[in-house]
Amino acid sequence: MDLSPATLAVTAGRPPAAPGAPVNAPVTLSSTFHAEGELSYARAGNPTWTAFEEALGALEGGRAVAFASGIAAIVAALETVGPSAVVLAPSLAYSGTVGLLRQLDASGRLRVRWYDPSDLTGLLRGVPGTDLVWLESVTNPLLDVADVPAVGAAARAAGALVAVDATLVTPLVQRPLDLGADLVVHSATKYIAGHSDLLLGATVTRDEELAQRLSAARHDRGAIPGPFETWLALRGLRTLAVRLDRSSANAVELAHRLAGHPAVERVRHPGLAGHLGHDVALRDWHGTVSLVGVEVAGGAVVAERVASSTRLWVHATSLGGVESTLERRRRWAAEPTGVPEALIRLSVGIEDVEDLWADLDTALRRAAG
Ligand SMILES: *Cc1c(COP(=O)(O)O)cnc(C)c1O
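Counting in my numbering, the sequence shown runs from -8 upward without gaps.
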């Protein structure tokens, strides 16, 4: 049966149906397993990982390997290229990835060439001579949309691999492996788990040899996810489709309203017709993302006032939970300086949109006044 992604999110990775068998994969808390079976020591494998990996792999169309965090998955992905490999990476993207690549470049482990994610022509020009191109499906927090098919074609011609951090889109919005990527990484901490209660990461690829190397890297380096976190993430994944339907619809509605707000200078969301990458998103995505970037008038001070004065919206970092959160990204020293000082990143949750709007509108008017 050819099942749709929303159905697979519910059904994939379940134990075989048998009278009296559990419907859901139980959490298996054991560091070791009786000898002479398939399982041995739990750094090599655990049935709870397998259930989560089957579900995510079915959704992405590849083989998934779970890691202790998104960053652990990214480290493992970057380890798949050899010493001094040339990596073409976005200068404005998730601060953890940019910071990690800066460290690996400074230590000589990798040679990083930076591209501007709002300039596709410049990016494509940079592909020849690189070993790995790093993309974010849509960048965190500026929401520049990657043209995965165009970069995939250029990378194939140049003999380079393409890795896509698809955290913000999830496999329900975009399947990078179908679009020409070799490797997908996720911070499952965010939408996949969806409840702001754990950290988890994953890689997904169709290349069996690459999957083996990633699994070996997890075993050898020990960046293993806890079975309980993995179980919670799978539980979260079951409701991903309905959560995203609601949160992305809320995000689009709020983005439109914010675009007409007197206290707001600029709104970034791929669902807005004027957004750079709107057309690529329409072409490659099913639905849209639940983050909105808002630049408020009056700079950093006013932005901080907004972020700290909401009552329903939670002033906190991270994203992708059922609850709406917001923060001024440049409050972090590690945030790339290309991110505007007055940019507030909204992670829109599944609350009632009118409640979200009333709280945000009040905070914006008070801070501006
Ligand atoms: C949060 C995040 C990560 C890092 O994931 P952790 O689970 O926090 O280690 C990587 N990429 C993106 C786009 C993120 O938002």
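Even for Gly, the Cβ is constructed at its ideal location relative to N, Cα and C.
Between which two residues does the beta strand (DSSP E) holding residue 211 run? Unbroken run through residue 211 is the alpha helix (DSSP H), 199 to 212; no beta strand (DSSP E).
Taking DSSP as the reference, what is the three-state secondary structure of residue 287? In this structure, DSSP gives residue 287 an extended state, which the three-state scheme calls strand.
Buried versus exposed call for residue 2 [16 or more other C-beta atoms within 10 Å across all chains shown]: By the neighbour-count criterion, in which 16 or more other beta carbons inside 10 Å mark a residue as buried, residue 2 falls on the exposed side.
Roughly how many angstroms lie between the CA atoms of residue 192 and residue 269, to the nearest whole one? Here the alpha carbons of residue 269 and residue 192 stand approximately 28 Å from one another.
Kindly indicate the opening and closing residues of the alpha helix (DSSP H) around residue 218. Unbroken alpha helix (DSSP H) run through residue 218: 218 to 228.
Bounding residues of the alpha helix (DSSP H) (the contiguous stretch that carries residue 348): Counting along the chain, the alpha helix (DSSP H) containing residue 348 begins and ends at 344 to 359.
Would you say residue 75 reaches chain C, if we count a Cβ-Cβ gap shorter than 8 Å as a contact? In summary, chain C is missing from the structure at hand, where a single protein chain is found.
Please work out which residues of its chain come closer than 7 Å, Cβ to Cβ, to residue 248, disregarding the five sequence neighbours upstream and downstream, and give them in chain order. For residue 248, where only same-chain residues beyond five positions count, the Cβ hits under 7 Å are 348.
Cα-Cα separation between residue 307 and residue 278, rounded to whole angstroms: Annotation: residue 307 to residue 278 spans about 26 Å, alpha carbon to alpha carbon.
Taking DSSP's pairing of strands, which residues face residue 335 in a bridge? Answer is 285, 319, bridged to residue 335.
For a test of the three-state rule: what should DSSP assign to residue 178, helix, strand or coil? Three-state result, residue 178: strand.
Relative to the alpha-carbon of residue 353, which residue among 299, 318, 329 has its alpha-carbon at the smallest distance? Cα-wise, what sits closest to residue 353 is 299.
Return the first residue and the last residue of the beta strand (DSSP E) that residue 193 is part of. Where residue 193 is concerned, the enclosing beta strand (DSSP E) starts and stops at 192 to 196.
Would you identify the three-state DSSP class for residue 156, choosing helix, strand or coil? Residue 156 falls in the strand class under three-state DSSP.
Segment limits, alpha helix (DSSP H) that includes residue 58: From DSSP, residue 58 is part of no alpha helix (DSSP H) but of the beta strand (DSSP E) over 54 to 58.
When the distance is taken between beta carbons, is residue 245 closer than 8 Å to residue 129? For residue 129 and residue 245, no; Cβs fall outside 8 Å.
Assign residue 23 to one of two classes, buried (16 or more other C-beta atoms within 10 Å of its C-beta) or exposed (fewer than that). Exposed is the label assigned to residue 23, since fewer than 16 other Cβ atoms lie within 10 Å of its Cβ.
Quick one: any contact between the stretch 177 to 185 and the stretch 48 to 66, if contact means 3 or more CB pairs under 8 Å? In this structure the stretch 177 to 185 touches the stretch 48 to 66; the number of beta carbon pairs closer than 8 Å is three or more.
Taking the alpha helix (DSSP H) that residue 76 falls in, what are its first and last residues? From DSSP, residue 76 is part of no alpha helix (DSSP H) but of the beta strand (DSSP E) over 76 to 81.
Mapping DSSP to helix, strand and coil, what is residue 101? Secondary structure of residue 101 (DSSP, three-state): strand.
Quick check on the burial criterion: 16 or more other C-beta atoms within 10 angstroms. Buried or exposed for residue 14? Exposed, because fewer than 16 other Cβ atoms sit within 10 Å of the Cβ of residue 14.
Nearest to residue 112 (by Cα), restricted to the options 93, 102, 97, 138: Taking each of 93, 102, 97, 138 in turn and checking the Cα distance to residue 112, the smallest one comes out for 138.
So what does DSSP say about residue 40, is it helix, strand or coil? Three-state DSSP puts residue 40 in a helix.
Assign residue 323 to buried or exposed, taking buried as 16 or more other Cβ atoms, counted over all protein chains shown, within 10 Å of its Cβ. So residue 323 ends up on the exposed side.
Just to confirm my understanding: we take residue 252, look at its own chain, exclude 5 residues before and 5 after, and list those with CB closer than 8 Å. What are they? Non-local C-beta neighbours of residue 252 in its own chain, meaning closer than 8 Å and more than five positions away in sequence, comprise 352, 355, ordered along the chain.
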